[in-house]
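J.:
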Amino acid sequence: MPLENSDPLERLLDKAGRAVQPTSPGWSTLADRLTHTPQHAARRPRRWLWLVPAPFGIAAAVALWLILAGGIHPPGNPDNGNRVQAEQLPIRVERRDVDLTILSIAETDGETLYMPQLQQAGRPAPQPGKRATGQAIVKDHRLILNLRAGDNIVRFTDVAATIDPTSVRLVSTTDPINTQVVEQNFEFDLASADALLRRYIDGQIICIFKDGKEVTGYLAAYDDSGLVLAAEPPAAAGPRKARATQSINRAELQALRLSELPAELLVKPTLVWKLRTKVAGRHDTTLTYLCGLINWQADYVVVVIPGDGQKPDRIDLTGWVTIDNRSGATYDKAGLKLIAGDVSRKTDPWAVRPQGRRQVLEEELLDFDSSVELRLGHARREFVEKSFFEYHLYTLSAASTVRDQQIKQLSLLQRKGVEAGRRYVYDPQSTGAAVAVELTAKNEKDNRLGMPLPKGRVMLEQRDSDGESALVGRVSIDHTAVKEEIKLPFGNAFDVAGEFRTIEGVQLARNHRVETNEMRIRNHKTEAIHVRAIGRLGAGGTVTQSSLPFQQHDSKSVYFEFALKANAEQVIVYTVDYQY
Amino acid sequence: MGDRTVFMQLVERYRAPLISYVYGLTGRRDEAEELAQEAFCRVWEKLPTLRQPERVVSWLYPIAHNLSVSAARKPRLVPIAADPPAPAAPRADDSAEIHRAVAALPEDHRTVVALRHFAGLSHEEIARTLEIPAGTVRSRLSRAYERLRPQLAHLLEE
Chain A
-5 MPLENSDPLE RLLDKAGRAV QPTSPGWSTL ADRLTHTPQH AARRPRRWLW
45 LVPAPFGIAA AVALWLILAG GIHPPGNPDN GNRVQAEQLP IRVERRDVDL
95 TILSIAETDG ETLYMPQLQQ AGRPAPQPGK RATGQAIVKD HRLILNLRAG
145 DNIVRFTDVA ATIDPTSVRL VSTTDPINTQ VVEQNFEFDL ASADALLRRY
195 IDGQIICIFK DGKEVTGYLA AYDDSGLVLA AEPPAAAGPR KARATQSINR
245 AELQALRLSE LPAELLVKPT LVWKLRTKVA GRHDTTLTYL CGLINWQADY
295 VVVVIPGDGQ KPDRIDLTGW VTIDNRSGAT YDKAGLKLIA GDVSRKTDPW
345 AVRPQGRRQV LEEELLDFDS SVELRLGHAR REFVEKSFFE YHLYTLSAAS
395 TVRDQQIKQL SLLQRKGVEA GRRYVYDPQS TGAAVAVELT AKNEKDNRLG
445 MPLPKGRVML EQRDSDGESA LVGRVSIDHT AVKEEIKLPF GNAFDVAGEF
495 RTIEGVQLAR NHRVETNEMR IRNHKTEAIH VRAIGRLGAG GTVTQSSLPF
545 QQHDSKSVYF EFALKANAEQ VIVYTVDYQY
Chain B
83 MGDRTVFMQL VERYRAPLIS YVYGLTGRRD EAEELAQEAF CRVWEKLPTL
133 RQPERVVSWL YPIAHNLSVS AARKPRLVPI AADPPAPAAP RADDSAEIHR
183 AVAALPEDHR TVVALRHFAG LSHEEIARTL EIPAGTVRSR LSRAYERLRP
233 QLAHLLEE
């Protein structure tokens, strides 16, 4: 750094210079990295090559000029502003963009959402607590064109198959006051062979056999294996009379011919609204709903670079988010938000409990959405605000497409050279004689971290002296807030042993006992280690004396932390007073 | 050309200016060093194809610029603070803003400022590095300060 300058600007620049001095351990290995980076071969200059694309460039410029000067307009400009004309055109719905907020819940109960289309399709709704299902709030921004003043029938397709129709809300941002949904229907009776046959009971059908023979009749009944055809249609009025029937094995059929596709059968699940508005023309709308079978989880890879006694252990941490979308819809260029945290199941005692399948969780999610906020009571909003602060919200910096039946992975973080400590944990009353090794890293900016880390699985790898990484285990981490400690269980120590015994127990009264315990921890390693020994107290236990200072972990346990020199032993004697 | 030791001397000299440049572009100090390292690796990779190897530094910045833009475009999950933003308070570290202002300078001005204040070189050392007269270094620095002063005026009022 230059000598201290008298000019404030120069001093400011010097100060800024201190913030960009290299600190990454990657610089020390850059020389090796360059050694392994192959260099491109020198090439001969091709002086005239740049002329090759010139004709294409000229052609593109001419085309652009023609478009700009010749008045060639892109087709389908939706907003012509002509409302008189709009009234004569059919209503159209165009998708603008979509926001997806996915909730991470390890065990979302399936009954939280009412997913009729899923059940109709023969896929059983997930049982509560049995498997992860996940939920998401979809905010779908669409443009409705050519609305008429008065009542309109508007159809939205491309909604999730796992939609909970009871959660659907539509708001016109163009005219929210004078536009309202009078009636809302979710039509999910999709065209399928069975759905068609159900519509044709007592209707005329033609069965075409594999040998080309055709039989015409009136469908009386059907199941998976066969059809029953009646020779005559049922009597329209008067007493029912017996009809001659014929049973047909479906395996013998090549095709069934129906006169027409029933109009009420749909190809895609569709939301249908009767929308009343005073403003004709174009409306920007926001459709909000909850859907199921969409989930996310975090996965981490931790590469441990062991220290050498002088230097601490370091870890390279890579985090990924995996989104599993089985909701039956593709979210094109979606603004993505992920909510992490264990959802509180507490309910507001003053709130009106939802009927049937909708539960508190779903209301909390909807309340979070500002477009729905107006519909909900003040007391409930307050409750939700508090709950929401229990979560962490992650957003994606750019829009991303989440396809149906797709597992998508996105980078959460990548940090190198995070300083980690190695702690030996002896917990004899819980895990026996083994001394566990735990890597700990402070989730702080100073330690190259400092972002809330969602709960997830961790693949632990250790780098050996050759620079190769080997898998050493799979563990999990809990939600870890900033400034908290990340704990990575790393297996049991080989060279550190523990011993525990109760050396004295005195029953002073029927409900009063005093015990003196001894813990011995031996370090057979050639370097000093950091040890945490945990003493379990049980209910009503208090440590009255101890040979080492201790920390109260919770009401039922204390711990002793100390450094243990190489080839040394630490003896801890402590007395617990039990009153129960 | 292709001499790793010489190239590492170049790395040594230009890494802080490059970290500053990337930091100024991305606003992310944690990523700046990795991107700067990547830029040096890219330059090393293509060094033999360079027609004027002595102008290697003028390569560094555009490569770092492209890497920064690509990194910014890459979708990345970022946490949103649940707490409302704190009321405006004096900032402990204004360095991001300073590096942003320096990154926006013309290349010849930016280079002398970075070598002077981030790599800690004297005017004479900068002159030797850039093979320009020391007087030119001083005049470029002076013009760079003139550009920076109004932009950073609010940070100078102390």
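Line order of the protein sequences matches chains A and B. Read in the numbering used here, the first sequence has 313 at position 319, and its numbers run on one by one without any break. To convert a position in the second sequence, counted from 1, into the numbering used here, add 82. The C-beta atom is built at its ideal place from N, Cα and C for all residues, glycine as well.
Checking the sheet assignment: what are the DSSP bridge partners for A:Ser394?
T.: Indexing the first sequence from 1 puts residue 394 of chain A at position 400. Answer is A:Ala328, bridged to A:Ser394.
J.: Let me see if you follow: with CB-CB separation under 7 Å, is B:His199 close to chain A or not?
T.: Looking up residue 199 of chain B in the second sequence gives position 117. Yes - at least one Cβ of chain A is within 7 Å of the one on B:His199.
J.: Answer with buried or exposed for A:Val429, where buried requires no fewer than 16 other C-beta atoms within 10 angstroms of its C-beta.
T.: Numbered from its first residue, the first sequence carries residue 429 of chain A at position 435. By the neighbour-count rule (16 or more Cβ atoms within 10 Å), A:Val429 is buried.
J.: Which full runs of the beta strand (DSSP E) of 3+ residues lie inside the region 399 to 445 of chain A, going along the chain?
T.: Taking only runs of at least 3 residues, the beta strand (DSSP E) segments lying wholly in the region 399 to 445 of chain A are 400 to 420 and 429 to 436.
J.: Taking the C-alpha atoms as reference points, what is the distance between B:Gln233 and B:Tyr103?
T.: Residue numbering aside, residue 233 of chain B sits at position 151 when the second sequence is read from its first letter. Residue numbering aside, residue 103 of chain B sits at position 21 when the second sequence is read from its first letter. Using only the alpha carbons, I get a separation of about 17 Å.
J.: A:Leu83: buried (16+ other C-beta within 10 angstroms of its C-beta) or exposed?
T.: Translated into the one-based positions of the first sequence, residue 83 of chain A becomes position 89. Exposed, because fewer than 16 other Cβ atoms sit within 10 Å of the Cβ of A:Leu83.
J.: In whole angstroms, give me the CA-to-CA distance for B:Arg89 and B:Thr211.
T.: Translated into positions along the second sequence, residue 89 of chain B becomes position 7. Translated into positions along the second sequence, residue 211 of chain B becomes position 129. A quick correction: the sequence has Phe, not Arg, at residue 89 of chain B. Computed Cα separation, rounded: 14 Å.
J.: Could you check whether the Cβ of B:Leu237 sits closer than 7 Å to any Cβ belonging to chain A?
T.: Stepping through the second sequence from its first residue, residue 237 of chain B is reached at position 155. So yes, B:Leu237 belongs to the interface.
J.: Just to check my reading of the structure: B:Leu149 and B:Leu129 have Cβ atoms closer than 8 Å, yes? What is that Cβ distance to the nearest angstrom?
T.: The sequence position of residue 149 of chain B within the second sequence is 67, counting from 1. The sequence position of residue 129 of chain B within the second sequence is 47, counting from 1. The pair is not a contact, with the Cβ atoms about 17 Å apart (cut-off 8 Å).
J.: Beta-carbon separation of A:Ala522 and A:Ala560 under 7 Å?
T.: Reading the first sequence from its first residue, position 528 is the one you call residue 522 of chain A. Reading the first sequence from its first residue, position 566 is the one you call residue 560 of chain A. Yes, the Cβ-Cβ distance between A:Ala522 and A:Ala560 is below 7 Å.
J.: How long is the line joining the alpha carbons of A:Arg251 and A:Ile199, rounded to whole angstroms?
T.: In the first sequence, counting from the first residue as 1, residue 251 of chain A sits at position 257. In the first sequence, counting from the first residue as 1, residue 199 of chain A sits at position 205. Rounded to the nearest angstrom, the two C-alpha atoms are 6 Å apart.
J.: Smallest Cα separation from A:Pro446: which of A:Tyr420, A:Thr389, A:Asp489 and A:Thr496?
T.: Along the first sequence, read from residue 1 onward, the residue named residue 446 of chain A stands at position 452. It is A:Thr389.
J.: Do you know how far the Cα of A:Asp188 is from the Cα of A:Phe180?
T.: Residue mapping note: residue 180 of chain A aligns to position 186 of the first sequence, counting from 1. Residue mapping note: residue 188 of chain A aligns to position 194 of the first sequence, counting from 1. Answer to the nearest angstrom: the Cα atoms are 20 Å apart.
J.: For A:Arg442, count neighbouring Cβ atoms within 10 angstroms of its own Cβ and tell me buried if that reaches 16, exposed if not.
T.: Here residue 442 of chain A corresponds to residue number 448 of the first sequence, with the count starting at 1. Its Cβ being crowded by 16 or more others within 10 Å, A:Arg442 is buried.
J.: Keeping to the same chain, check which residues put their C-beta closer than 7 Å to that of A:Leu542; ignore five residues upstream and five downstream.
T.: By 1-based counting over the first sequence, the position of residue 542 of chain A is 548. Once the five neighbours on either side are set aside, the close Cβ partners of A:Leu542 are Phe554, Phe556 and Ile566.
J.: Going by Cα to Cα distance, which pick from A:Ile471, A:Val466 and A:Asp460 is closest to A:Arg451?
T.: If you number the first sequence from 1, residue 451 of chain A lands on position 457. Measuring from the Cα of A:Arg451, the nearest candidate turns out to be A:Ile471.
J.: Compare the Cα-Cα distances from A:Leu531 to each of A:Val476, A:Pro300 and A:Tyr574 and report the closest residue.
T.: Within the first sequence, numbered from 1, the residue matching residue 531 of chain A stands at position 537. The shortest C-alpha separation from A:Leu531 is found at A:Tyr574.
J.: State the DSSP-derived secondary structure class of A:Val14, mapped to helix, strand or coil.
T.: Reading the first sequence from its first residue, position 20 is the one you call residue 14 of chain A. The answer is coil: DSSP assigns A:Val14 none of H, G, I, E or B.
J.: Would you give the residue range spanned by the beta strand (DSSP E) that A:Asn561 belongs to?
T.: Locating residue 561 of chain A in the first sequence gives position 567, counting from the first residue. Counting along the chain, A:Asn561 falls outside any beta strand (DSSP E), and DSSP gives it neither H nor E.
J.: So, is the C-beta of A:Leu7 closer than 7 Å to a C-beta in chain B?
T.: Within the first sequence, numbered from 1, the residue matching residue 7 of chain A stands at position 13. Yes, A:Leu7 counts as interfacial toward chain B.
J.: Take the Cβ of A:Thr210 as the centre, count every other Cβ of all protein chains shown within 10 Å, and call the residue buried at 16 or more, exposed below.
T.: If you number the first sequence from 1, residue 210 of chain A lands on position 216. Result: exposed.
J.: Once the 5 residues before and after B:Gln119 are set aside, which same chain residues still bring their CB inside 7 Å of it?
T.: Working through the second sequence from its first residue, we reach residue 119 of chain B at position 37. Cβ neighbours of B:Gln119 beyond the five flanking positions: none.
J.: In its own chain, which residues sit with a C-beta less than 6 Å from the C-beta of A:Ala154, not counting the 5 before and 5 after it?
T.: Taking the first sequence and counting its residues from 1, the one referred to as residue 154 of chain A is at position 160. So the list reads Cys285, Ser321, Gly322 and Ala323, once near-sequence residues are dropped.
J.: Residues in its own chain within less than 7 Å of A:Arg237 by CB, not counting five upstream and five downstream?
T.: In the first sequence, the residue the question calls residue 237 of chain A occupies position 243. These residues qualify, in order along the chain: Ala224, Ala225 and Glu226.
J.: In three-state terms, what does DSSP make of B:Ile101?
T.: Sequence index remark: in the second sequence, residue 101 of chain B carries index 19 (1-based). If DSSP states are grouped into helix, strand and coil, B:Ile101 belongs with the helices.
J.: For my contact list, A:Ile317 and A:Leu387 are in at a C-beta cut-off of 8 Å; report their separation, rounded to the angstrom.
T.: As a working mapping, residue 317 of chain A is identified with position 323 in the first sequence. As a working mapping, residue 387 of chain A is identified with position 393 in the first sequence. Not confirmed; about 15 Å, so no contact.
J.: Identify whether A:Thr167 lies in helix, strand or coil by the three-state DSSP scheme.
T.: Along the first sequence, read from residue 1 onward, the residue named residue 167 of chain A stands at position 173. Reduced to three states, the DSSP call for A:Thr167 is coil.
J.: State yes or no: is the C-beta of A:His506 nearer than 6 Å to some heavy atom of the ligand ZN?
T.: In terms of ligand content, the structure shown is empty, and the ligand ZN therefore cannot be addressed.
J.: For A:Ala274, which option in A:Val537, A:Ile138, A:Arg12 and A:Phe484 has the closest C-alpha, if you only look at C-alpha atoms?
T.: Reading the first sequence from its first residue, position 280 is the one you call residue 274 of chain A. When only C-alpha atoms are compared, the closest one is A:Ile138.
J.: Which word fits A:Val500, buried or exposed, when buried means at least 16 other C-beta atoms lie within 10 angstroms of its C-beta?
T.: To locate residue 500 of chain A, count along the first sequence from 1; it is residue 506. It counts as exposed.
J.: How about B:Tyr227: is its C-beta nearer than 7 Å to some C-beta of chain A?
T.: As a first step, residue 227 of chain B must be located in the second sequence, where it is residue number 145. It does: the Cβ of B:Tyr227 has a partner Cβ on chain A nearer than 7 Å.
J.: Figure out for me which residue from A:His524, A:Arg89, A:Gly128 and A:Ala35 has the closest Cα to the Cα of A:Leu287.
T.: Residue mapping note: residue 287 of chain A aligns to position 293 of the first sequence, counting from 1. Nearest of A:His524, A:Arg89, A:Gly128 and A:Ala35 to A:Leu287, Cα basis: A:Gly128.
J.: From the DSSP secondary-structure annotation, give me the bridge partner or partners of A:His524.
T.: Counted from its first residue, the first sequence places residue 524 of chain A at position 530. A:Arg417 and A:Ala557, per the DSSP bridge assignment.
J.: According to the Cβ coordinates, are A:Ser166 and A:Thr279 closer than 7 Å?
T.: Here residue 166 of chain A refers to the residue found at position 172 of the first sequence. Here residue 279 of chain A refers to the residue found at position 285 of the first sequence. Yes, the pair counts as a contact, with Cβ atoms nearer than the cut-off.
J.: Interface residues of chain B around A:Gln248 at Cβ under 8 Å?
T.: For this step, residue 248 of chain A is matched to residue 254 along the first sequence. Ordered by position in chain B, no residue passes the 8 Å Cβ test against A:Gln248, which lies about 50 Å from the chain.
J.: Can you pull the chain A residues whose beta carbon is under 7 Å from the beta carbon of B:Asp85, in chain order?
T.: Counting from 1 along the second sequence, the entry for residue 85 of chain B is found at position 3. Those do not exist, as B:Asp85 stays about 11 Å from chain A at its closest Cβ, beyond 7 Å.
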